[in-house]
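If you use the numbering used here, the first sequence corresponds to residues 37 to 471, in order.
Just so you know, even glycine gets a beta-carbon here, dropped at the ideal spot from N, CA and C.
Keep in mind that this is a model prediction, so the values were computed, not measured.
Step one of this worksheet: look at the structure below.
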Amino acid sequence: MIDFIEELKWRGIFHDIMPGTDEQLEKEMTAAYIGFDPTSDSLHIGSLSQMITLKRFQLAGHKPVALVGGATGMIGDPSGKSQERNLLTTEILNKNLAGIRKQLEHFIDFESDIPNKAEMVNNYDWMSEFSFLEFIRDVGKHISVNYMMAKDSVKKRMGKLDDGQDASGLSFTEFSYQLVQGYDFLHLYQNNACKLQMGGSDQWGNITTGTELIRRKAGGKAYALTTKLITKSDGGKFGKTEKGNVWLDPEKTSPYEFYQFWLNTSDEDAEQFIKIFTFLTQQEIESLIEEHQQAPHNRRLQKRLAKEVTVMTHSQKAYDTAVDASEILFKNGSIDRIETLDNSTFMAVFNGVPKFEIEKNELEKGISILDLLAEKTKVFASKGELRRLMKDNGLSINQEKEKNVERVFTSSDLIKEKYILIRQGKKKYSLIEIV
RNA sequence: GGGGGGAUUCCAGAGCGGUCAAAUGGGGCAGACUGUAAAUCUGUUGGCUACGCCUUCGGAGGUUCGAAUCCUCCUCCCCCCA
Numbered sequence: 037m038i039d040f041i042e043e044l045k046w047r048g049i050f051h052d053i054m055p056g057t058d059e060q061l062e063k064e065m066t067a068a069y070i071g072f073d074p075t076s077d078s079l080h081i082g083s084l085s086q087m088i089t090l091k092r093f094q095l096a097g098h099k100p101v102a103l104v105g106g107a108t109g110m111i112g113d114p115s116g117k118s119q120e121r122n123l124l125t126t127e128i129l130n131k132n133l134a135g136i137r138k139q140l141e142h143f144i145d146f147e148s149d150i151p152n153k154a155e156m157v158n159n160y161d162w163m164s165e166f167s168f169l170e171f172i173r174d175v176g177k178h179i180s181v182n183y184m185m186a187k188d189s190v191k192k193r194m195g196k197l198d199d200g201q202d203a204s205g206l207s208f209t210e211f212s213y214q215l216v217q218g219y220d221f222l223h224l225y226q227n228n229a230c231k232l233q234m235g236g237s238d239q240w241g242n243i244t245t246g247t248e249l250i251r252r253k254a255g256g257k258a259y260a261l262t263t264k265l266i267t268k269s270d271g272g273k274f275g276k277t278e279k280g281n282v283w284l285d286p287e288k289t290s291p292y293e294f295y296q297f298w299l300n301t302s303d304e305d306a307e308q309f310i311k312i313f314t315f316l317t318q319q320e321i322e323s324l325i326e327e328h329q330q331a332p333h334n335r336r337l338q339k340r341l342a343k344e345v346t347v348m349t350h351s352q353k354a355y356d357t358a359v360d361a362s363e364i365l366f367k368n369g370s371i372d373r374i375e376t377l378d379n380s381t382f383m384a385v386f387n388g389v390p391k392f393e394i395e396k397n398e399l400e401k402g403i404s405i406l407d408l409l410a411e412k413t414k415v416f417a418s419k420g421e422l423r424r425l426m427k428d429n430g431l432s433i434n435q436e437k438e439k440n441v442e443r444v445f446t447s448s449d450l451i452k453e454k455y456i457l458i459r460q461g462k463k464k465y466s467l468i469e470i471v
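Following this line, the structure appears as structure tokens:
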């Protein structure tokens, strides 16, 4: 059996642990849960490492429990937030829960007939039954306000900040979040024999409220394990691009963009990420790192990382298409190559590229480049921006550099009889389609 | 309640009657180099029918030939003393 904690440690994701956790894991098959916040209808790659942690836990012979926060999502976790959160409506929450369930099922085995098959629970199922009075009598009585106020996530929102400014304060609703999450742990401890809660290091406070509650109310012993929050070597926030979050839902982030995100990982981060986000063995990873250091320009590490994560998240097919698209868009992307693509491949390659439309007859009349790209379509925000780009030699039309501001377009400029391909700089494509 | 300071272009932050579409830095975009990396260097960064015109310096008025700059009122923010 794989030593789960050792595994997390060499992968560099281990953060903190409550004493006794390792003994518990050695002693017996243990159930552990991680909570997922339904703040959106898809998880993004920030949650990916948590899902993988659950998966590793399962591979180590233990039983993972994925909790979707139907109840806690209604409240909002103050951890890591400097401002009071807006509440989600029930309708949005339900939609989000459904989306997240689907993604969790894709990663973790909830189906097969193994003793440690995964379970999914929704804390709304037990919290919605709770009356306020019952809750404050049965749960609130066991935890002191002093204890709750000592949490970092709460302290940061009260009194003065380091720079002397007043903290933003937090509502009773957010203050009570940790109790609700703590109760989840108690509930799962009592009903699902769940003895361990895992989460990001920002969850430590919430998790220990749970173990405390279990100790006081059930007289039981429960454990906590946290993983490091993933950071980038340049200090930027992990999982964000200019376009925002990188989502696991292919509708929100196309497999091509997803693949590109991982491919563009910096050298230092790639060494870290391949350990965290793949199931490759230590030997495999070490030899990859060594290969990469020998010939960094080949970017073997990034390619392998991107492959593993894309196949795992989407599919082998989606990965193949993403690689094809990358080849076409970055390497030998001659216009002839693009012209000879069949329609479905063409659409796959340009899936996720912003698309703009133009009336057929406008093009037949002939239209100037400035009007086409900055007036009729909004490929560029202003004509000035487009002029500047052309002056800097940064615009390509159908893969040919274009510097002529007077250029006029007609039907003869179409590729595949209905598109004009615009490229800004090296990698930013847009597609105009006639309608 | 009393006293003081401030609001400037994406952000930070100069400007304090004409030479201001507004210094400088950051960020963005592009070019060179390269590995679709990092670092570096270069250009660019309100709009347009472009050697000119239009819209911008919290909001509304006013003084002036001329205002981001002066005056009045309003809104919001911060600091100090109670």
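Exercise. Out of curiosity, what's the CA-to-CA distance linking Gln318 and Gly218?
Worked result: 35 Å
Problem set entry | Three-state secondary structure (DSSP) of Phe166 | coil
Problem set entry | Distance, Asn379 Cα to Val347 Cα | 24 Å
Problem set entry | Assigned secondary structure, Asp199 (DSSP; H/G/I helix, E/B strand, else coil) | For Asp199, the pLDDT reaches just 43, beneath the cut-off of 50, and the residue's location in the model is therefore unreliable, leaving the point undetermined.
For this session: Specify the secondary structure class of Ala260 as computed by DSSP and reduced to three states.
Result: strand
For this session: Would you mind stating whether Glu469 and Lys454 have Cβ atoms separated by less than 7 Å?
Result: yes
Exercise. Just how far apart, CA to CA, sit Gln233 and Tyr355?
Worked result: 33 Å
Exercise. Near Arg251, what residues of its chain come up, given a Cβ to Cβ distance below 8 Å and the 5 sequence neighbours on each side ignored?
Worked result: Lys257 and Ala258
For this session: Decide if the region 320 to 327 is in contact with the region 360 to 373; the criterion is three or more beta carbon pairs, one per stretch, under 8 Å apart.
Result: no
Exercise. What span of residues does the beta strand (DSSP E) with His178 cover, start to end?
Worked result: Note, His178: premise wrong, no beta strand (DSSP E); not H, not E.
Problem set entry | DSSP bridge partner residues for Phe50 (one or two, in chain order) | Thr263
For this session: Can you check the region 355 to 388 for any alpha helix (DSSP H) of at least 4 residues that lies completely inside it and give the ranges in chain order?
Result: 371 to 375 and 379 to 385
Exercise. How many angstroms separate the CA atom of Ser362 from the CA atom of His223?
Worked result: 48 Å
Exercise. Beta-carbon separation of Thr262 and Trp240 under 7 Å?
Worked result: yes
Exercise. Start and end of the beta strand (DSSP E) containing His459?
Worked result: It should be pointed out that residue 459 corresponds to Arg in this sequence rather than to His. Arg459 -> beta strand (DSSP E) spans Tyr455 to Gln460.
Exercise. So what does Gly236 bridge to, in DSSP terms?
Worked result: Thr263
Exercise. At which residue ranges does the region 381 to 458 contain complete beta strand (DSSP E) runs of 3 or more residues, listed in the order of the chain?
Worked result: 391 to 394 and 431 to 433
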